[in-house]
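Working notes, structure below.
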Amino acid sequence: MILILLAGALFAFAAWGGIAVARYVCAGIETPDDGPAPGHVPERVLIIASAILGAFAASRGVPLPGLLVVGAACGLLSAIWAADVTRGIIPDVFTLAPLGAILIAAALSGHWEVVIAAVVPALPFAFLAWKSKGMGLGWGDVKLAALGGALLGMQQALLFFAIGALAAVIVARVRGMHGRPIAFAPYLASAIAVPFSLFTPGMHP
5 MILILLAGAL
15 FAFAAWGGIA
25 VARYVCAGIE
35 TPDDGPAPGH
45 VPERVLIIAS
55 AILGAFAASR
65 GVPLPGLLVV
75 GAACGLLSAI
85 WAADVTRGII
95 PDVFTLAPLG
105 AILIAAALSG
115 HWEVVIAAVV
125 PALPFAFLAW
135 KSKGMGLGWG
145 DVKLAALGGA
155 LLGMQQALLF
165 FAIGALAAVI
175 VARVRGMHGR
185 PIAFAPYLAS
195 AIAVPFSLFT
205 PGMHP
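Under the numbering used here, the first residue of the sequence shown is numbered 5, with each subsequent residue one higher.
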């Protein structure tokens, strides 16, 4: 029980820290004219949701090193969520830096399947970003999809990205935003955080 409470607190702190870092990184960035309108970051929701994910991960027996990795990922994804909602962009430092670290580590250990897992889920997003000239989906979303593929594995990434895309379409229609740019990173970030915290086999003993 103590570990579960500590994990919840750790994940909550990671989410709070991610939002704070995003605020700092994006302070001098202007919102693109062709991007989504700036929105409000649901900080309490993100922090509480992260705490719940941490508690569930701990209850499933994830060891402390795994909890630290998943907690850091949740903090990073919270930063990405906040950046896209407030500025309509995903800074490369939030995607390319961790993606590069994961791919280098995978290559050094001979796990080349991680490279394939990163590339394949990103391809549909790259096509849509190219087709829409960045207005429907941005290249930041493509990099985030690649990061998600590296974290989740190809099959999980494809499944949960499809669920996230469906959720984005439904929310856009309900809000009457059809045909207008939306911040898509929150849906992708959620589609990565939930399965990475709860279902990824490598995170469990």
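Quick reminder that beta carbons are idealized off the backbone N, C-alpha and C, glycines included. Computed from a predicted structure; not experimentally measured.
Practice task
Return the Cβ separation of S54 and A18 in integer angstroms, given the expectation that the two are a contact with Cβ distance under 8 Å.
Solution key: Contact between S54 and A18 holds, with the beta-carbon distance rounding to 6 Å and staying under 8 Å.
Handout entry: Range of the contiguous alpha helix (DSSP H) that encloses M158
Key = In the DSSP assignment, M158 falls within the unbroken alpha helix (DSSP H) covering M158 to V178.
Handout entry: Cβ pair count under 8 Å reaching 3, the region 188 to 197 against the region 161 to 175
Key = Contact between the region 188 to 197 and the region 161 to 175 is present, with at least three C-beta pairs closer than 8 Å.
Problem - Beta-carbon proximity of F260 to V146, cut-off 8 Å - result: In the structure as shown, the chain starts at 5 and stops at 209, and residue 260 therefore has no counterpart that could be examined.
Practice task
Give a yes or no on contact between the region 14 to 29 and the region 61 to 79, applying the rule of three or more CB pairs nearer than 8 Å.
Solution key: Yes: at least three Cβ pairs fall under 8 Å.
Handout entry: Separation of I94 from G142, as counted between CA atoms
Key = In this structure, the straight-line span from the alpha carbon of G142 to that of I94 is close to 9 Å.
Exercise for the section: To the nearest angstrom, report how far apart G65 and R48 are at their CA atoms. Expected result: Roughly 26 Å between the two C-alpha positions.
Handout entry: Buried versus exposed call for R91 [16 or more other C-beta atoms within 10 Å across all chains shown]
Key = The residue in question, R91, is buried, as its Cβ has 16 or more Cβ neighbours within 10 Å.
Handout entry: Inter-residue Cα distance where the pair is W85 and L100
Key = Whole-angstrom Cα-Cα distance: 16 Å.
Exercise for the section: Compare the Cα-Cα distances from C30 to each of S136, L127 and A87 and report the closest residue. Expected result: Cα-wise, what sits closest to C30 is A87.
Exercise for the section: Measure the CB-CB distance between I23 and A83 and report whether it falls below 8 Å. Expected result: A contact, by the Cβ cut-off of 8 Å.
Problem - Between the CA atoms of A109 and A41 - distance to the nearest angstrom - result: Straight-line Cα distance between these residues: approximately 37 Å.
Handout entry: Chain-order list of residues whose beta-carbon lies under 8 Å from that of L107 (same chain, five-residue window excluded)
Key = Hits under 8 Å: V118, V119, A122 and A154.
Handout entry: Nearest neighbour of V198, chosen from H115, V173 and F60 [CA to CA]
Key = The residue with the shortest Cα to Cα distance from V198 is F60.
Exercise for the section: Please state whether DSSP places W116 in a helix, a strand or coil. Expected result: When secondary structure is reduced to three states using DSSP, W116 falls in the coil class, being assigned neither helix nor strand.
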